Structures are given as C-alpha cells and as structure tokens.
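Down below is the structure, laid out as structure tokens.
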Amino acid sequence: MKILGIETSCDECSAAVVEDGKKILSNVIATQIPFHAQWSGVVPEIASRKHTEWIYTVVKEALDRATLQINNIDAIAVTNRPGLFGSLLVGLNFAKAFSWARNIPFIAVDHMLAHLYAPFLDSLSTHYSLTTNHYPFLGLLVSGGHTIICKANNFDNIEVMGTTIDDAVGEAFDKVAKFYGFGYPGGAVIDRMAKNGDSEAFQFTLPSLHKGQHRYDVSYSGIKTAATSQLEMFRVKKETTNEDLAASFQKTAVDILLRALLNAAEDTGLTCLVAGGGVAANSYLRTRLAEQKHLNCVFPPLDLCGDNGAMIAGIGYHYLARGDHSELDIPALSRVSGFKKRYP
Ligand code: KG4
Ligand code: ZN
Numbered sequence: 000m001k002i003l004g005i006e007t008s009c010d011e012c013s014a015a016v017v018e019d020g021k022k023i024l025s026n027v028i029a030t031q032i033p034f035h036a037q038w039s040g041v042v043p044e045i046a047s048r049k050h051t052e053w054i055y056t057v058v059k060e061a062l063d064r065a066t067l068q069i070n071n072i073d074a075i076a077v078t079n080r081p082g083l084f085g086s087l088l089v090g091l092n093f094a095k096a097f098s099w100a101r102n103i104p105f106i107a108v109d110h111m112l113a114h115l116y117a118p119f120l121d122s123l124s125t126h127y128s129l130t131t132n133h134y135p136f137l138g139l140l141v142s143g144g145h146t147i148i149c150k151a152n153n154f155d156n157i158e159v160m161g162t163t164i165d166d167a168v169g170e171a172f173d174k175v176a177k178f179y180g181f182g183y184p185g186g187a188v189i190d191r192m193a194k195n196g197d198s199e200a201f202q203f204t205l206p207s208l209h210k211g212q213h214r215y216d217v218s219y220s221g222i223k224t225a226a227t228s229q230l231e232m233f234r235v236k237k238e239t240t241n242e243d244l245a246a247s248f249q250k251t252a253v254d255i256l257l258r259a260l261l262n263a264a265e266d267t268g269l270t271c272l273v274a275g276g277g278v279a280a281n282s283y284l285r286t287r288l289a290e291q292k293h294l295n296c297v298f299p300p301l302d303l304c305g306d307n308g309a310m311i312a313g314i315g316y317h318y319l320a321r322g323d324h325s326e327l328d329i330p331a332l333s334r335v336s337g338f339k340k341r342y343p
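For what it's worth, numbering that gives the first Met the number 0 labels the leading residue of the sequence shown as 0, then goes sequentially.
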C-alpha cells in the first residue's frame, strides 16, 4: 500500500510517499529556516503563511518524484497533533480536502509517535533493520518542544516514563544559541561549534531531581539560565571561546538526558533504545549513547531526525493496515493529553 504523508506541524513543509510503512518512494522537505533565521526562532504566523503558499507544490513534487498520480495512493496520512496550531491546520485541511475530493482514506497521526517510527523506515541511503519484533523498547523523543523517555509497546502505544519538568532539550539548545547569537537553528549550530571546543571549560551542574518519582524526568531551565545569565559562576578555564561554551553546554545537556535514560533502562531491563526527533541528530548524543555497550541504540538516519512526511506516511500505513482511519471532522491539537503522565 502506498501512503501519502503530509507534515506541517512547525516550520518544515513536507510530503512523502511510503510503501508498506517501510520503503520511501519520495520525501520532499521544504524548509522555512531562511524565513525564521532573522528572528532566531520560528514565527508561527510566518510558518503557517509559508505552508499555505507551498503545500500544493510540495505534495505535487512528492507524487512526481515517486512517479505516481493521486489515484495510485491508498491513503493520506497527516500530522494533526501536537504542534503550532496555524501550521497544523494547513496540512490537515489540505489532506482532508484531498481525501474528500478523491474519496481516499484519511488518517490523522501524532507527530511524536511518528518521530519514534522514523527508524523503521528504509531511508533512501541506508537500510535499517528495526522491525516490529523489537517492541517493547525504550524510546527517547527529543525535539524542540518535547523531551520524552518512554516504553514503546507498539507504534501507537507508548507508556511515558519521564518528561521534562520545564523546557525541552531542543528548546534549551535554541535559546542558548539565540542568546549568544550563534546562529539558527541553534541545535545544529551548537553541535558543530562544540566539535572545536573544550567541554570542561565550564562545569555546569546537573539538576537534582533524579530521585523518587523524578527518576526518569529531566529539567533544562537550570542549565539554560546557567549558560546565559550565570555563566561566570561555572567557569573553570580562564580564557574561553564560544566553542568551549557550546561544548560545555552540550555535554551537560546530554549528561542530563543520559542519567534519566540509564535509570529507565536499568529499571525496565529494556536493552534496545530507539531515538527520534530533531535532537536525535546530535553527534555528541550519538557518541555517548554508542558508548553504552549494554544498550543497542538505534537512531534514524540524519535526514529523518527532523520533521518529515515519510515518518507520517510510515506510521499511517500501520493504522490503515489495522483498518483504522480518521473522520473528516477531526481537529488540530496544539497539545496532546492522551498519554499517561504529562505528555506532552
Ligand atoms: O523534531 P524537530 O525537527 O522539530 C520539532 O518537532 O520540534 O526538532 C527541532 C529541534 C530544534 O530544537 C533543533 O535545534 C534541534 O531539534 N536540533 C538539534 C540538532 N539538530 C536539530 N539539537 C542538537 N543537535 C543537533 N544536531
Ligand atoms: Zn518534530
């Protein structure tokens, strides 16, 4: 079955065609980065306007690259939650209109569940062997708006074990980069800068919340404040560069994640860890996780870490295969409260 996936929850306007939840036939990602860069962050009004301008062309391009017509498509999957409301509406209503006009089944999917599905896709360049036999596994969802540690039982069934109690990890990268004018988007810039920095130049402290009920939770507001307005308190090296700051911040940001993750791995006994979301592209996070020899860590290829239509089409297939579809009156939701324990 061939599914058209549409993703417009934030600042990437993307459409893809995926066959049987696995094989990517096309994955068009039109990024709005240049339009938001001058504000060092996503401007929601600009994002939804650009989606409105681009969505038709992006979907057309996805079909063309897959050498398919719309009548070769078995279903349309689209992100309807969570995300920027105006942005979500563009993709959602486009998909609804298409489904209505062509009488094609329509499936509304959760963006974060789709991120966790990304490593199941065969990318254009790489074959990943993650299969449904790997469930249950430990899930790490790290993006600009979310930080979730979960036990994943199935493509649509996750038990949230821990989340951030304040800011998301990607947001902390973005805010620190914005404060110092390092560039946009902040996560990728800090990742690059950190390669030439000394991660011991500043020694930031870890939040003291990993006890009792917070064993799997994380917090990023402390490190964000420390790295911006309290920097001198954490200085170890006399002369430092921006690269040193980037490396020190990144090290602590990853240490925070790792502590919660390793607690979750120890308590559940799960040894397979699957990561997803924009921050899963972070090279230092990947290195540190690869060092955990008792864990089998699976990451999506870099081009499937950020927002993309392929992960939406991929997960959409499994709903369709189960006989599920959505009604055309389903709303867009900027937040989700359907999972156990504070998700999002
Ligand atoms: O999943 P995503 O593309 O969009 C959301 O759903 O939020 O994630 C975007 C986040 C941003 O905060 C961005 O700075 C971060 O992912 N990011 C990174 C890297 N690449 C993107 N963070 C750390 N290191 C990276 N290499
Ligand atoms: Zn995302």
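Every residue gets a Cβ at the ideal spot worked out from N, C-alpha and C, and that includes glycine.
Treat the numbers as computed from the prediction; the structure is a model and nothing was measured.
Same chain, Cβ closer than 7 Å to residue i, five either side skipped, listed in chain order
| i | result |
| --- | --- |
| T267 | L137 and K150 |
| L332 | N79, R80 and P81 |
| S25 | A15, V16, A61, R64 and A65 |
| H110 | S8, T78, R80, P81 and G82 |
| A171 | Y219, I222, K223 and A252 |
| A263 | L137, I148, M160, G161 and Y215 |
| P135 | K150, A151, N152 and L269 |
| D346 | The chain is shown only over 0 to 343; residue 346 falls outside these bounds and no answer can be derived. |
| D372 | With the chain covering 0 to 343 only, the question about residue 372 has no answer from this structure. |
| V42 | H35 |
| F84 | A331 and S333 |
| W53 | C12 and A29 |
| R285 | F298 |
One or two residues paired with residue i in a DSSP bridge
| i | result |
| --- | --- |
| E18 | K1 and K22 |
| K150 | L137 and E158 |
| D109 | R80 |
| D121 | K22 |
| L272 | L137 and C296 |
| R285 | Paired residue(s): none; R285 is not in a bridge. |
| T163 | V217 |
| F201 | R234 |
| S13 | E6 and I28 |
| I75 | L3 and F105 |
Sequence-distant residues of its chain with Cβ nearer than 6 Å to residue i (five each side left out)
| i | result |
| --- | --- |
| I28 | E11, S13 and N307 |
| E242 | M192, N195 and G196 |
| D169 | Note on residue identity: the sequence assigns Gly, not Asp, to residue 169. Taken in chain order, the residues that qualify are S142, G143, G186, G277 and V278. |
| T227 | F178 |
| G305 | G277 |
| F119 | L129 |
| L288 | C296 |
Cutoff 8 Å; reference residue i; Cβ partners in own chain excluding five residues on either side
| i | result |
| --- | --- |
| G40 | D173, K177 and Y183 |
| Y55 | F93 |
| L230 | F201 and L244 |
| D121 | K21, K22, I23 and Y127 |
Residue i versus residue j: straight-line alpha-carbon distance, rounded
| i | j | result |
| --- | --- | --- |
| G322 | D155 | 14 Å |
| D328 | A96 | 11 Å |
| R234 | F201 | 4 Å |
| D190 | V141 | 15 Å |
| L303 | E18 | 16 Å |
| T130 | G313 | 13 Å |
| S336 | I157 | 13 Å |
| L67 | Y283 | 39 Å |
| K22 | Y318 | 16 Å |
| A309 | L3 | 8 Å |
| H35 | S86 | 14 Å |
| V188 | P299 | 20 Å |
| H324 | L88 | 18 Å |
| Q31 | A46 | 7 Å |
| H133 | T240 | 43 Å |
| S98 | I75 | 7 Å |
| G180 | V273 | 32 Å |
| I256 | A246 | For the sequence presented, residue 256 should be read as Leu rather than Ile. Rounded to the nearest angstrom, the two C-alpha atoms are 16 Å apart. |
| N102 | D73 | 10 Å |
| L260 | L139 | 8 Å |
| A320 | Q37 | 44 Å |
Minimum Cβ-Cβ distance from residue i to chain D less than 9 Å
| i | result |
| --- | --- |
| A14 | Looking for chain D here will not work: only one protein chain is present. |
Check each residue's C-beta against every heavy atom of the ligand ZN and list, in chain order, those closer than 5 Å. Cβ-based neighbours of the ligand ZN within the cut-off: S142 and D306.
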